[in-house]
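A short write-up of the structure that comes next.
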Amino acid sequence: SHTVPARSALPAAADGLVGHKDAQWPLGDAAAALGPGARDMVAVHMLRLYEKYSRRGARPGGGNTVRSFRARLEVVNQKAVYFFNLTSMQDSEMILTATFHFYSEPRWPQAREVPCKQRAKNASCRLLPPGPPARQHLLFRSLSQNTATQGLLRGAMALAPPPRGLWQAKDISPIVKAARRDGELLLSAQLDAGEKDPGVPRPSPHAPYILVYANDLAISEPNSVAVTLQRYDPFQTGDPEPGAAPNSSADPRVRRATQVTGPLQDNELPGLDERPAHGPHAQPYHKHELWPSPFRALKSRPGRKDRRRKGQDAFAASSQVLDFDEKTMQKARRK
Amino acid sequence: QWDEPRVCSRRYLKVDFADIGWNEWIISPKSFDAYYCAGACEFPMPKIVRPSNHATIQSIVRAVGIVPGIPEPCCVPDKMNSLGVLFLDENRNVVLKVYPNMSVETCACR
Numbered sequence: 015s016h017t018v019p020a021r022s023a024l025p026a027a028a029d030g031l032v033g034h035k036d037a038q039w040p041l042g043d044a045a046a047a048l049g050p051g052a053r054d055m056v057a058v059h060m061l062r063l064y065e066k067y068s069r070r071g072a073r074p075g076g077g078n079t080v081r082s083f084r085a086r087l088e089v090v091n092q093k094a095v096y097f098f099n100l101t102s103m104q105d106s107e108m109i110l111t112a113t114f115h116f117y118s119e120p121r122w123p124q125a126r127e128v129p130c131k132q133r134a135k136n137a138s139c140r141l142l143p144p145g146p147p148a149r150q151h152l153l154f155r156s157l158s159q160n161t162a163t164q165g166l167l168r169g170a171m172a173l174a175p176p177p178r179g180l181w182q183a184k185d186i187s188p189i190v191k192a193a194r195r196d197g198e199l200l201l202s203a204q205l206d207a208g209e210k211d212p213g214v215p216r217p218s219p220h221a222p223y224i225l226v227y228a229n230d231l232a233i234s235e236p237n238s239v240a241v242t243l244q245r246y247d248p249f250q251t252g253d254p255e256p257g258a259a260p261n262s263s264a265d266p267r268v269r270r271a272t273q274v275t276g277p278l279q280d281n282e283l284p285g286l287d288e289r290p291a292h293g294p295h296a297q298p299y300h301k302h303e304l305w306p307s308p309f310r311a312l313k314s315r316p317g318r319k320d321r322r323r324k325g326q327d328a329f330a331a332s333s334q335v336l337d338f339d340e341k342t343m344q345k346a347r348r349k
Numbered sequence: 016q017w018d019e020p021r022v023c024s025r026r027y028l029k030v031d032f033a034d035i036g037w038n039e040w041i042i043s044p045k046s047f048d049a050y051y052c053a054g055a056c057e058f059p060m061p062k063i064v065r066p067s068n069h070a071t072i073q074s075i076v077r078a079v080g081i082v083p084g085i086p087e088p089c090c091v092p093d094k095m096n097s098l099g100v101l102f103l104d105e106n107r108n109v110v111l112k113v114y115p116n117m118s119v120e121t122c123a124c125r
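The listed protein sequences derive, respectively, from chains Z and G. Residue numbering for the first sequence follows this note's numbering, beginning at 15 and increasing consecutively. Residue numbering for the second sequence follows this note's numbering, beginning at 16 and increasing consecutively.
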């Protein structure tokens, strides 16, 4: 396990918010776009990072990616434990720094009563003066997705009691890197004050969160924007999300197969300028097929000559096809 | 668009993520100025189209007709800018990525 130095060189961005009692709510349409989600601190922090780094040439924390992870609060053995699901990190993202942000209140210990002596009738019981504020400990454990154990202890930090309620940030880079190296992408954090927990905290905008600053080595590849942003209704669940846009229909997307005549060279909409061939290789149009995965790989398009050799080297192994669902196709045709 | 110059140059294009169906998970920006390149790279090419050496040679070969079927060089982006995008990943966590080569600064014949 790692005892991480209490405060190492956090990325400037993280320090930008540390010590804030409550950052001013961000203005602008980005906050509006987040809706109620913009009220919690992680959204405020990410919006500030966005405003800071969306100016040209700036690089967040020396990389090109910042991922935030909200906590899921659970009660384990009557203690509040926050779980973080780090599985959305991409393999191509090299972790530069990881920080744990949490809000801590000063904890004044209750004055302790001294048990009265039996013989001294109705003697007034003395109260001991309150001792020093209790020290808190941050315990980090990591576990793989479907294990019931408490997980492997990855790190413990002693926290000095804060003079007043404020947000703090701790560098947990070694913890996150070690957990990812071992493939344990579920992290738990427990604020342990030693004494009995004064009641389990309820989910609040003061929930802790993790930021991971990374360098995505795949971001410069052609079409990297499509790999992370070209997807279909990401909140596809049984019932549409309350905040979901009206046109994100809950019905599963139907897969649209097009005639793959070999690697595509550009992003033209397939099927607009050529009817899918009905040759031996034509892939039949399946209405009932669902998307195998929300992310579709892109295919490069054959040059004019290659297209003439249609069907000769169809399905070249490395080629990729650009798929659109019917709704997008109709919209495109209309346009 | 009709009064656009014939020669290879940067043309205005504003991309609205709602038009390409990505607005549901992109928090910000909702749209951005991407621009695009269009126009001729005819012989003789003016300096303003900043031709590469190869493009210069190709356009001469095409002009003198030594080899039939040689096309004129293409008008493509030369300098490009990155764009920071704030979006929700599939677990509804907020992510910031700075994508390179998202908008055109200058065009050139290649």
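We put the CB at the ideal spot given by N, CA and C, even for glycine.
Measure from the alpha carbon of residue i to the alpha carbon of each residue in the options, then state which is nearest.
i	options	result
G:C44	G:C52, G:A53, G:Y50, G:A33	Note on residue identity: the sequence assigns Pro, not Cys, to residue 44 of chain G. With distances taken between Cα atoms, G:P44 lies closest to G:A33.
G:K112	Z:L157, Z:G76, Z:G197, Z:Q204	Z:G76
G:D104	Z:V190, Z:K191, Z:R245, Z:V90	Z:R245
G:I63	G:A49, G:C23, G:K29	G:C23
Z:A174	Z:L167, Z:Q182, Z:R168	Z:Q182
Z:A228	Z:R149, Z:S156, Z:L110	Z:L110
Z:K184	Z:R194, Z:S158, Z:L152, Z:L243	Z:L152
G:T121	G:V109, G:V110, G:V91, G:F102	G:V91
Z:I186	Z:Y223, Z:P177, Z:P176	Z:Y223
Z:K93	Z:L100, Z:L336, Z:Q204, Z:R178	Z:Q204
G:V79	G:P59, G:I42, G:N106, G:N96	G:P59
G:E39	G:V119, G:F102, G:P115	G:F102
With H, G and I counted as helix, E and B as strand and the rest as coil, what does DSSP make of residue i?
i	result
Z:L205	strand
Z:Q11	Only positions 15 to 349 of chain Z appear in the structure, and residue 11 of chain Z is not among them; the question remains open.
Z:G169	strand
Z:S158	coil
Z:A328	Low confidence applies here, because Z:A328 scores a pLDDT of 46, under 50, leaving its location unreliable and the question unanswered by this model.
G:L111	strand
Z:P254	Bear in mind that the predicted position of Z:P254 carries a pLDDT of just 45, short of 50, making it unreliable; the figure below should be weighed with that in mind. The answer is coil: DSSP assigns Z:P254 none of H, G, I, E or B.
Z:A240	helix
G:V22	strand
Z:P177	coil
What first and last residue would you give for the beta strand (DSSP E) that runs through residue i?
i	result
Z:Q344	Run containing Z:Q344: none in the beta strand (DSSP E); it sits in the alpha helix (DSSP H), 340-348.
Z:V226	223-230
Z:A112	107-118
G:N68	It is not in any beta strand (DSSP E) - G:N68 instead sits in the alpha helix (DSSP H) that spans 68-79.
G:I42	41-43
G:P83	No beta strand (DSSP E) holds G:P83; DSSP gives it neither H nor E.
G:G99	95-103
G:D31	29-31
Z:R371	Since the first and last residues shown for chain Z are 15 and 349, residue 371 of chain Z lies out of range.
Z:N99	93-99
Are the beta-carbon atoms belonging to residue i and residue j less than 8 Å from one another?
i	j	result
Z:A192	Z:Y96	no
Z:A112	Z:V226	yes
Z:S106	Z:G165	no
Z:Q150	Z:D206	yes
G:R125	G:S74	no
Z:P74	Z:P120	no
Z:S82	G:V109	yes
G:P115	Z:S68	no
G:V201	G:I41	What the structure shows of chain G is the stretch from 16 to 125, and residue 201 of chain G is not part of that stretch, so it cannot be assessed.
Z:T79	Z:L199	no
G:P83	G:A70	no
Considering residue i, what are the terminal residues of the alpha helix (DSSP H) in which it resides?
i	result
Z:L63	55-67
Z:P188	187-195
Tell me whether residue i counts as near the ligand COA, meaning its Cβ is closer than 7 Å to at least one heavy atom of that ligand.
i	result
Z:P120	Among the components of this structure there are no ligands whatsoever, and the ligand COA is therefore not found.
Using a Cβ-Cβ cut-off of less than 8 Å, give me the residues of the region 66-92 of chain G that come near chain Z, in sequence order. The region 66-92 of chain G vs chain Z, Cβ under 8 Å: nothing.
Anything in the region 50-67 of chain G with a Cβ closer than 9 Å to a Cβ of chain Z? List those residues in chain order, please. Hits within the stretch: zero.
Beta carbons nearer than 8 Å to chain G: which residues of the region 93-113 of chain Z have them? Of all residues in the region 93-113 of chain Z, N99, T101, S102 have a Cβ within less than 8 Å of some Cβ in chain G.
The region 20-38 of chain G: positions lying closer than 8 Å to chain Z by Cβ: Cβ contacts with chain Z: G36, W37, N38.
Give the residues from the region 94-113 of chain G that approach chain Z closer than 9 Å (Cβ to any Cβ), ordered along the chain. Close to chain Z, meaning a Cβ-Cβ distance shorter than 9 Å, are the following residues of the region 94-113 of chain G: N96, S97, L98, G99, V100, L101, F102, L103, D104, E105, N106, R107, N108, V109, V110, L111, K112, V113.
In chain order, what residues of the region 231-242 of chain Z put their CB closer than 8 Å to some CB of chain G? The region 231-242 of chain Z vs chain G, Cβ under 8 Å: I233, S234, S238, V239, T242.
Taking a Cβ distance cut-off of 8 Å, strictly less, list which residues of the region 73-94 of chain Z are near chain G, in chain order. Residues passing the 8 Å Cβ filter: R73, P74, N78, T79, V80, R81, S82, F83, R84.
If you measure beta-carbon to beta-carbon, which residues of the region 192-203 of chain Z are closer than 9 Å to chain G? Residues: none.
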